[in-house]
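Below is one structure, written out as structure tokens, with a few remarks after it.
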Amino acid sequence: MRDLIVVGFPGKHRAAEVLGQLQQMNEQWTINLDDAVAVYRTDDGRLRVDQSVQPTTAEGGAMGGLLGALLGGLLAAPFTMGVSAAATAAAVGAGAIGFGTIGAAMGSVDAEDWKNEYGVSEDFVRQVGGVVQPGTSAVFALIRTQEDPVVLAQRFSGYGGTVLRTSLPPAKAERVQQTIAARPAARV
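Per my numbering, the very first residue in the sequence shown carries number 8; after that it's consecutive.
Here it is in structure tokens:
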């Protein structure tokens with residue numbers, strides 16, 4: 008079962024630290040991290056995406072634009088045989104620009120559709136991001152795990168986070184909140 012959890016943290020980059028640990032756990036097959044986003048609020052009040060597991064709309068657009076430009080340039084090159092260097096450059100450039108624009112649009116739409124259908128949508132991040140205050144951060148994670156979410160939360164004990172939203176049942180959400188807010192036990 009997939010669980011969505013949004014946890015706010017003091018400090019601009021604490022959520023990025025937590026997201027890094029979640030990604031390590033994903034690589035170690037401890038959890039299945041479907042999507043996650045770390046955001047922070049700047050001192051002037053703007054919400055910024057610090058890290059994202061799956062490409063955001065802007066990242067998808069950039070990747071699609073680059074791929075489209077490369078394909079456009081390659082497809083235009085064979086049609087420039089026997090033409091001057093300036094005409095060749097213009098044709099290759101026009102192909103790169105045309106296909107780059109199409110690729111950027113398609114990459115952006117594809118990333119947005121994936122996020123809306125299977126991940127943490129940018130609209131949801133903006134809605135819940137209203138709770139994130141300047142100088143603080145939050146991690147939005149869509150996780151599948153075989154173990155109790157409280158066991159997972161124990162890894163983040165002492166981070167001082169606050170559960171802002173979750174799809175967990177209220178009793179489990181409260182236990183997760185108590186676990187991440189508790190001081191870690193002293194190790195002997």
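Quick reminder that beta carbons are idealized off the backbone N, C-alpha and C, glycines included.
A residue is called buried when at least 16 other Cβ atoms come within 10 angstroms of its Cβ; V158 does not meet this threshold and is exposed. Assigned with DSSP and collapsed to three states, P156 falls in helix. The stretch 19–35 makes no contact with the stretch 170–180; the number of CB pairs closer than 8 Å stays below 3. Excluding residues up to 5 positions away in sequence, L40 lie with their Cβ nearer than 6 Å to the Cβ of N33 in the same chain. If the five residues before and after S164 are omitted, its C-beta is found closer than 7 Å to the C-beta atoms of T186, I187, A189, P191, all from its own chain and listed in chain order. Here DSSP, grouped into helix, strand and coil, assigns A22 to helix. Cβ-Cβ distances below 8 Å link Q140 to R48 in the same chain, with the five nearest sequence neighbours on each side left out; the list follows chain order. Distance between E181 and D155, taken at the CA atoms: about 13 Å. Around the C-beta of A160, 16 or more other C-beta atoms lie within 10 Å, and the residue is accordingly described as buried. I38 is the residue among V135, I38, V14 whose C-alpha sits nearest the C-alpha of T152. Assignment of F131 by DSSP, reduced to helix, strand and coil, places it in the helix class. DSSP places P176 outside both helix and strand once states are collapsed to three, so it counts as coil. In its chain, beyond the 5 residues on either side, V170 have a beta carbon closer than 6 Å to the beta carbon of Q184. With contacts defined as CB atoms closer than 7 Å, D57 and A43 fail to qualify as a contacting pair. For T186, the three-state secondary structure derived from DSSP is helix.
In this chain, the beta strand (DSSP E) harbouring T143 covers 143–151. Less than 7 Å divides the Cβ of V13 from the Cβ of V135. S128 is the residue among S128, S144, R162 whose C-alpha sits nearest the C-alpha of L11.
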